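Residue numbers (numbering that gives the first Met the number 0), protein chains in the order written: chain A, 0 to 327; chain Z, 0 to 327. Reading through the structure tokens given below for one structure.
2 protein chains.
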Amino acid sequence: MAVYTEVTDEALVAHLRQYTLGELHSFKGIAEGVENSNYLLTTDTGNYILTLYEKRVDARDLPFFLGLMEHLHAKGIVCPQPVKMQSGEMIGELAGRPAAIITFLEGYSVRRPQPSHCHELGGALARFHIAGEGFSIRRKNALDMDGWRPLFEMSQARADEVTPGLSEMIAKELDYLESNWPAELPSGVIHADLFTDNVFFLKDRLSGIIDFYFACNDLLAYDLAICLNAWCFEPNLSFNTTKARAMLQGYTAVRGLSESEFERLPVLARGSALRFLLTRLYDWLNVPPGALVTPKNPGEYIARLKFHQGIDNAALYGLDREMAGLKA
Amino acid sequence: MAVYTEVTDEALVAHLRQYTLGELHSFKGIAEGVENSNYLLTTDTGNYILTLYEKRVDARDLPFFLGLMEHLHAKGIVCPQPVKMQSGEMIGELAGRPAAIITFLEGYSVRRPQPSHCHELGGALARFHIAGEGFSIRRKNALDMDGWRPLFEMSQARADEVTPGLSEMIAKELDYLESNWPAELPSGVIHADLFTDNVFFLKDRLSGIIDFYFACNDLLAYDLAICLNAWCFEPNLSFNTTKARAMLQGYTAVRGLSESEFERLPVLARGSALRFLLTRLYDWLNVPPGALVTPKNPGEYIARLKFHQGIDNAALYGLDREMAGLKA
Numbered sequence: 000m001a002v003y004t005e006v007t008d009e010a011l012v013a014h015l016r017q018y019t020l021g022e023l024h025s026f027k028g029i030a031e032g033v034e035n036s037n038y039l040l041t042t043d044t045g046n047y048i049l050t051l052y053e054k055r056v057d058a059r060d061l062p063f064f065l066g067l068m069e070h071l072h073a074k075g076i077v078c079p080q081p082v083k084m085q086s087g088e089m090i091g092e093l094a095g096r097p098a099a100i101i102t103f104l105e106g107y108s109v110r111r112p113q114p115s116h117c118h119e120l121g122g123a124l125a126r127f128h129i130a131g132e133g134f135s136i137r138r139k140n141a142l143d144m145d146g147w148r149p150l151f152e153m154s155q156a157r158a159d160e161v162t163p164g165l166s167e168m169i170a171k172e173l174d175y176l177e178s179n180w181p182a183e184l185p186s187g188v189i190h191a192d193l194f195t196d197n198v199f200f201l202k203d204r205l206s207g208i209i210d211f212y213f214a215c216n217d218l219l220a221y222d223l224a225i226c227l228n229a230w231c232f233e234p235n236l237s238f239n240t241t242k243a244r245a246m247l248q249g250y251t252a253v254r255g256l257s258e259s260e261f262e263r264l265p266v267l268a269r270g271s272a273l274r275f276l277l278t279r280l281y282d283w284l285n286v287p288p289g290a291l292v293t294p295k296n297p298g299e300y301i302a303r304l305k306f307h308q309g310i311d312n313a314a315l316y317g318l319d320r321e322m323a324g325l326k327a
Numbered sequence: 000m001a002v003y004t005e006v007t008d009e010a011l012v013a014h015l016r017q018y019t020l021g022e023l024h025s026f027k028g029i030a031e032g033v034e035n036s037n038y039l040l041t042t043d044t045g046n047y048i049l050t051l052y053e054k055r056v057d058a059r060d061l062p063f064f065l066g067l068m069e070h071l072h073a074k075g076i077v078c079p080q081p082v083k084m085q086s087g088e089m090i091g092e093l094a095g096r097p098a099a100i101i102t103f104l105e106g107y108s109v110r111r112p113q114p115s116h117c118h119e120l121g122g123a124l125a126r127f128h129i130a131g132e133g134f135s136i137r138r139k140n141a142l143d144m145d146g147w148r149p150l151f152e153m154s155q156a157r158a159d160e161v162t163p164g165l166s167e168m169i170a171k172e173l174d175y176l177e178s179n180w181p182a183e184l185p186s187g188v189i190h191a192d193l194f195t196d197n198v199f200f201l202k203d204r205l206s207g208i209i210d211f212y213f214a215c216n217d218l219l220a221y222d223l224a225i226c227l228n229a230w231c232f233e234p235n236l237s238f239n240t241t242k243a244r245a246m247l248q249g250y251t252a253v254r255g256l257s258e259s260e261f262e263r264l265p266v267l268a269r270g271s272a273l274r275f276l277l278t279r280l281y282d283w284l285n286v287p288p289g290a291l292v293t294p295k296n297p298g299e300y301i302a303r304l305k306f307h308q309g310i311d312n313a314a315l316y317g318l319d320r321e322m323a324g325l326k327a
């Protein structure tokens with residue numbers, strides 16, 4: 000939500016000479032994303048986002064992230080497109096950071112999505128999953144089940160500062176998930192962070208998806224479970240089945256779920272809730288000096304996890320097999 | 000340099016119904032200004048800046064600030080123009096804050112101004128001073144000489160934490176300025192904060208002036224002295240007489256200086272250096288919890304003040320009477 004690295008006009012103008020975007024008209028640091036520094040640029044040829052990758056992003060992953068945007072865009076997914084330098088490269092260096100310029104996407108994120116937004120999101124997610132097929136670079140999910148236990152160990156000793164008993168709750172959940180994780184489900188490229196901030200709408204139609212910096216190869220239905228967590232809980236943390244049904248209908252109208260994917264949604268939702276609980280817990284306990292971002296309270300994801308622990312059947316989310324295109 | 004108040008899409012869309020700007024296309028928080036929250040909006044009719052006024056701005060001053068932009072714009076000064084609501088009002092309320100929408104200005108600020116930029120700036124400042132004539136609202140400078148001593152008293156006990164002897168240096172300087180301040184010089188509307196961040200250029204021509212939230216009625220030549228401090232020192236804090244001469248030539252080509260204004264430039268420059276030293280000192284010693292802005296080091300203004308203390312004649316800035324349009 001802030002700019003970490005300042006870019007001077009001189010450095011930017013020199014940097015732009017590597018592109019064919021014409022003269023710079025304006026540039027402003029924007030409060031978007033928590034990982035990187037972003038600037039909105041206007042040049043002779045239009046609006047762009049300049050991103051400087053800060054240390055939380057591994058520069059070795061940039062060919063995956065930027066290549067994925069290019070691949071998806073070519074497949075008709077509305078997402079930012081990396082702008083190439085005259086050399087053909089997509090990644091340059093500015094102010095001592097790896098830097099890329101991507102096209103500007105119209106639209107804005109919806110703070111309180113309605114069922115119609117969830118329906119749109121479901122369809123877009125399924126198109127994203129299909130479009131990801133054939134993308135040649137692979138990236139392991141750094142925050143998949145293998146990553147949860149080491150992440151937990153970094154917070155374990157202090158987890159009860161957030162809520163008494165949290166450490167034990169997470170330890171048990173990890174044991175459960177390690178024994179029950181459905182690794183055999185269909186996999187492919189997932190977005191892995193499709194929160195409402197990363198989806199733009201215009202006049203209630205989904206106008207694009209942004210922020211691919213957690214994208215990776217993992218179970219497709221896990222991405223859907225992330226969205227159930229991110230889009231279908233109300234501010235009071237009650238689960239809105241109308242939204243969940245709308246999302247699933249939107250998704251399955253484009254990509255059908257297998258029997259196993261449908262049946263394993265509850266455990267995938269538990270895993271997704273734990274994944275965000277663990278990162279929020281770590282960030283909550285480890286606010287760096289000079290942080291420009293207020294950490295998000297992990298409590299919201301404790302509540303989500305507890306909710307999913309009580310669900311052993313996707314029907315309890317209000318989802319039914321017929322709606323998912325499966326035999327009754 | 001950050002957004003203090005979050006605006007939701009729902010609240011913004013509802014707010015925009017009071018205007019005739021059409022549908023919202025996008026909005027992004029921008030890292031501009033240290034006092035307020037700013038968003039860049041795009042609507043059917045173009046680009047705008049939405050400002051939410053945070054508590055450091057007194058809402059009673061808004062009619063002055065916004066009225067001044069409107070007045071200056073009508074007089075041909077390139078600056079943002081407040082957009083009126085259908086009711087004719089310029090100030091609304093959004094997210095519990097007074098809020099205004101102003102037009103978007105092309106161009107970007109120059110981190111390291113060259114003499115040509117200083118010449119442009121001088122001319123724009125003189126046009127600003129002339130255009131301010133006839134503006135009917137008045138605003139006392141809250142940070143004029145009357146405000147310096149109370150401000151100093153809030154930091155006096157801890158000033159030596161910054162540099163030993165600083166407290167005594169400031170006390171003596173205040174005594175000197177209170178005895179020597181040239182209150183009889185021509186006065187009018189001044190910008191009072193025309194640092195490089197607040198001046199936009201396009202292809203090395205000045206394209207506009209922004210951020211009128213320190214504007215007030217005060218001595219016109221004091222505004223020029225502020226610019227000498229803000230634009231004519233090198234990063235190593237040496238004074239660049241070529242830049243000062245260029246600025247003065249730009250200024251006097253539009254508005255001639257009186258004998259007294261020219262002669263009193265050194266004391267005005269001391270006062271200006273002290274004013275920014277005092278606010279930076281206060282901010283340095285009083286970083287609020289959760290601050291999103293790193294305070295600027297007051298040391299730079301100690302060096303400027305010391306420099307001006309050694310100047311008793313504007314000629315020592317490299318300025319000469321003839322250049323200023325005065326008799327030799």
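Where is the CB? At the ideal position from N, CA and C, for every residue including glycine. All values reported here derive from a predicted model rather than from experimental measurement.
Three or more beta-carbon pairs separated by less than 8 Å are not found between the region 204-211 of chain Z and the region 231-244 of chain Z, which leaves the two stretches without contact.
At a cut-off of 9 Å, the C-beta of Ile101(Z) has no neighbouring C-beta in chain A. Relative to the Cα of Asp222(A), the nearest Cα in the group Leu142(A), Phe199(A), Ile169(A), Phe134(A) belongs to Leu142(A). DSSP places Glu92(A) in the uninterrupted beta strand (DSSP E) bounded by 91-93.
In this structure, the alpha-carbon of Thr241(A) lies about 19 Å from that of Gly309(A). Ala98(A): not part of any alpha helix (DSSP H); member of the beta strand (DSSP E) spanning 96-102, first to last residue. Under DSSP, Val109(Z) shares a beta bridge with no residue. A direct Cα-Cα distance of roughly 24 Å separates Asp8(A) from Ile101(Z). Taking the CA atoms as reference points, Ile48(Z) sits about 44 Å from Pro265(A). Burial check for Pro297(Z): the Cβ neighbour count within 10 Å reaches 16 or more, so the residue is buried.
Thr251(Z) sits in a helix when the DSSP states are folded into three classes.
At least 9 Å separates the CB of Thr4(Z) from every CB of chain A.
Thr50(A): member of the beta strand (DSSP E) spanning 45-51, first to last residue. Under DSSP, Cys215(Z) shares a beta bridge with Ile189(Z).
In the DSSP assignment, Gly121(Z) falls within the unbroken alpha helix (DSSP H) covering 114-130. Under DSSP, the beta-bridge partners assigned to Arg204(Z) are Leu201(Z). The contact set of Tyr107(Z) on chain A, defined by CB atoms closer than 7 Å, consists of Asp8, Leu23, Ser25, Phe26 in chain order. Beta-carbon to beta-carbon, Leu124(A) and Tyr250(A) are separated by about 6 Å, close enough to satisfy the 8 Å threshold. Within 10 angstroms of the beta-carbon of Met153(Z) lie fewer than 16 other beta-carbons, which makes it exposed. In this structure, Ala313(A) places its C-beta atom within 9 Å of the C-beta atom of Phe261(A).
Per the C-alpha coordinates, the member of His307(A), Arg263(A), Glu31(A), Arg59(A) positioned closest to Glu5(Z) is Glu31(A).
Proximity of the region 165-181 of chain A to the region 143-150 of chain A meets the contact definition, three or more beta-carbon pairs being nearer than 8 Å. Under DSSP, Thr7(A) takes part in no beta bridge, so it has no partner. At least one CB atom of chain A sits nearer than 9 Å to the CB of Lys202(Z). For Tyr38(A), there is no enclosing alpha helix (DSSP H); the residue is part of the beta strand (DSSP E) that begins and ends at 36-42.
Listed in chain order, the non-local C-beta contacts of Leu280(Z) below 7 Å within the same chain comprise Ser154, Ala158, Val161, Pro297, local neighbours out to five positions each way being set aside. When the alpha-carbon of Ala302(Z) is set against those of Phe275(Z), Asp282(Z), Thr293(Z), the nearest one is in Phe275(Z). In the DSSP assignment, Gly75(Z) falls outside any alpha helix (DSSP H) and carries neither an H nor an E. Around the Cβ of Lys139(Z), a 10 Å sphere holds fewer than 16 other Cβ atoms; the residue is exposed. In summary, the residues of the region 111-131 of chain A whose CB is separated from some CB of chain Z by less than 8 Å are Arg111, in the order they occur in the chain.
For Gln113(A) and Gly28(Z), the gap between their C-alpha atoms comes out near 23 Å. Per DSSP, the continuous beta strand (DSSP E) segment holding Lys27(Z) begins and ends at 23-29. Beta-bridge partners of Lys139(Z) (DSSP): Asn216(Z). A direct Cα-to-Cα measurement between Pro294(A) and Val253(Z) gives close to 52 Å. Straight through space, the alpha carbons of Val198(Z) and Cys117(Z) are spaced by roughly 11 Å. Phe64(Z) sits in a helix when the DSSP states are folded into three classes.
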